[in-house]
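Undergrad:
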Amino acid sequence: MPTRAGSQSAMIPPLGRRQFLAGAGATGLSLGGAFPTVAQTPPKVDYTIRIAPVSVELAPDKVIKTYGYNGVVPGPVLRLKERQQISINIVNDTDIDDIIHWHGLFVPSEVDGAMEEGSPMVPAHGGSKVYTFTPKPTGTRWYHSHDTAGTDLTRSTYAGLYGFLIVEPTSDPGRYDQEVLLAAHHWEGRWVSMQDMRKGPPPDNGLEVMYAAASFNDKTLGHGEPVRVREGERVLFRLLNASATENIKLALPGHRFMVLTLDGNPVPTPTTVDVLYLAPAERADVIVEMNRPGVWIMGEVDDDNRKMGLSIVIEYANQRGEPQWSEPPKATWDYTAFGRQGTVREPDGVFPLTFEKILGGRGGYNRWTINGKSWPTLFTCTGTPSK
Ligand SMILES: [Cu+2]
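Count along the sequence shown starting at 1, add 702, and that's the number in my numbering.
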């Protein structure tokens, strides 16, 4: 599976307006024009996304049976133009109702792809829905299933139901030599009692999810094409943590990440880091200056996660040998490093939010609350309103 930009977008069959008009024209012709035809103008559809079962070969001995978009995992890269309206037809060829959420876009709730906000589900067994919206703001966004998985670790974001959605600005200086898209994901989740496996969790901790495999895009280390680079290149990595539950920490030995955007939005202070932290759903656009020729492993800092497959080979031109990994410098993650310097205005109001994990006991499920309540029970935010 290609990791390069653009290579996946070629796989999307855009169903253009012209094709529809051509079809309509042919129908009109066969009727001979003798009857006033009832013009059933089909909506203009720019893309069709089909939700269906798919097999993902992470490695020859690791084939995952899951669900995906248009037969590929991640789904096709959607490159949309800023402020240009598009229509996306979603077809659901699975046996449960599903829905696609456009993560990070400012769009009306009927087309946002969140059922609790009022977007309709796409019915199972071949149902379809056309979502029309104008994408904004620009940047690295993504799309994913917004179905509720509950305790089923094969559904929604546990499955291969995610893809990049990039809103391109009308003008882009593009100060990089190549662009690489990497979506991290964890596979084959199962519920376990952590306290039975290692020390640490309290004895009455509920079940937690553990995974058997992880990947960048659809491959584990060494089973896909390496990212091929040349000395002196500036490579733009668009990184997405599409794992359902896991935080990830990424490094490329001997190289540093210049963070330009977080969650698709330009950071006020672009900052260079050795290790990049991404929580589920987070994204970062980073530039890496390729100035350490060799064959390297870019991947999870945590050994177990990296060995489970969350890594990829970075290969300089004319370099051979086993891919090298080395421990990155110790680093902490601090969002304020990318923020605006200077003093922060006093807040207009203060609303304390208390997040709690309620232990489920061995074999039970943990719960989480904000101010003592769990969704969909609403809580009243009490605090100091504006002065
Ligand atoms: Cu989301």
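Note that the Cβ used here is the ideal one computed from N, Cα and C, for glycine as well.
Here the structure is a predicted model, which means the values were calculated and not measured.
Please determine, among Val969, Lys951 and Ile989, the residue with the shortest C-alpha to C-alpha distance to arginine 958.
TA: Working through the sequence shown from its first residue, we reach residue 958 at position 256. It is Ile989 whose Cα lies nearest to the Cα of arginine 958.
Undergrad: So isoleucine 1060 and glutamine 1026 are in contact, right, with Cβ under 8 Å, and what is the actual spacing, rounded?
TA: By one-based count along the sequence shown, residue 1060 stands at place 358. By one-based count along the sequence shown, residue 1026 stands at place 324. That belief does not hold up - the Cβ atoms of isoleucine 1060 and glutamine 1026 are roughly 44 Å apart, past 8 Å.
Undergrad: Could you give the residue range of the alpha helix (DSSP H) that holds methionine 960?
TA: Within the sequence shown, numbered from 1, the residue matching residue 960 stands at position 258. It is not in any alpha helix (DSSP H) - methionine 960 instead sits in the beta strand (DSSP E) that spans 959 to 964.
Undergrad: Between which two residues does the alpha helix (DSSP H) holding glutamine 897 run?
TA: As a position in the sequence shown, residue 897 is number 195, starting the count at 1. Unbroken alpha helix (DSSP H) run through glutamine 897: 896 to 899.
Undergrad: Counting pairs of beta carbons, one from the segment 903 to 914 and one from the segment 931 to 944, are three or more of them closer than 8 Å?
TA: no
Undergrad: On the CB-based measure, 16 or more other CB atoms within 10 Å of its CB, does serine 821 come out buried or exposed?
TA: Here residue 821 corresponds to residue number 119 of the sequence shown, with the count starting at 1. Serine 821 comes out buried.
Undergrad: Let me know the secondary structure DSSP gives serine 1076 once reduced to three states.
TA: Reading the sequence shown from its first residue, position 374 is the one you call residue 1076. Residue state, collapsed to three classes: coil.
Undergrad: Classify isoleucine 800 as helix, strand or coil using the three-state DSSP reduction.
TA: For the purposes of this step, residue 800 is identified with residue 98 of the sequence shown, where counting begins at 1. What sits at residue 800 in the sequence shown is aspartate, not isoleucine. Here aspartate 800 sits in strand by DSSP.
Undergrad: Considering Cα atoms alone, identify which of Trp889, Ile766, Asp898 and Ala761 is closest to proline 755.
TA: Translated into the one-based positions of the sequence shown, residue 755 becomes position 53. That would be Ile766, whose Cα lies nearest to the Cα of proline 755.
Undergrad: Tell me which residue opens and which closes the beta strand (DSSP E) that lysine 831 is part of.
TA: Along the sequence shown, one-based indexing puts residue 831 at 129. Its beta strand (DSSP E) spans residues 829 to 835.
Undergrad: Under 6 Å from any heavy atom of ligand 1, does the C-beta of alanine 986 make it?
TA: The residue given as residue 986 occupies position 284 in the sequence shown. The answer is no for alanine 986.
Undergrad: If we count the other Cβ atoms within 10 Å of its Cβ and call it buried at 16 or more, is lysine 686 buried or exposed?
TA: Shown here, the chain extends from 703 to 1089; a query on residue 686 therefore has no answer.
Undergrad: Compute the minimum distance between the beta carbon of histidine 887 and the heavy atoms of ligand 1, and state whether it is under 6 Å.
TA: In the sequence shown, counting from the first residue as 1, residue 887 sits at position 185. No.
Undergrad: Which class does aspartate 814 belong to by DSSP, given the choice of helix, strand or coil?
TA: In the sequence shown, residue 814 corresponds to position 112, counting from 1. In the three-state scheme derived from DSSP, where H, G and I count as helix and E and B as strand, aspartate 814 is classed as coil.
Undergrad: In this structure, does DSSP put asparagine 772 in helix, strand or coil?
TA: For the purposes of this step, residue 772 is taken as residue 70 along the sequence shown, with counting starting at 1. Residue state, collapsed to three classes: coil.
Undergrad: What does leucine 883 pair with, by DSSP beta-bridge criteria?
TA: Within the sequence shown, numbered from 1, the residue matching residue 883 stands at position 181. Answer by DSSP bridge pairing, in chain order: Arg940.
Undergrad: Just grab the DSSP bridge partners of tyrosine 864 for me.
TA: On the sequence shown, position 162 is the one that residue 864 refers to. Answer is His846.
Undergrad: In this structure, does DSSP put lysine 1009 in helix, strand or coil?
TA: As a working mapping, residue 1009 is identified with position 307 in the sequence shown. Residue state, collapsed to three classes: helix.
Undergrad: Sorted by chain position, which residues of the same chain lie with C-beta nearer than 6 Å to proline 738's C-beta, five sequence neighbours on each side aside?
TA: Taking the first residue of the sequence shown as position 1, residue 738 is located at position 36. Note that proline 738 has pLDDT 42, beneath the 50 cutoff, so the model's placement of it is unreliable and the number below is only indicative. For proline 738, where only same-chain residues beyond five positions count, there are no Cβ hits under 6 Å.
Undergrad: Once DSSP output is grouped into helix, strand and coil, what is the label at alanine 826?
TA: Residue numbering aside, residue 826 sits at position 124 when the sequence shown is read from its first letter. Shown here, alanine 826 sits in coil according to DSSP, grouped into three states, outside any helix or strand.
Undergrad: Kindly confirm or deny that the segment 998 to 1012 and the segment 907 to 926 touch, where touching means at least three C-beta pairs closer than 8 Å.
TA: yes
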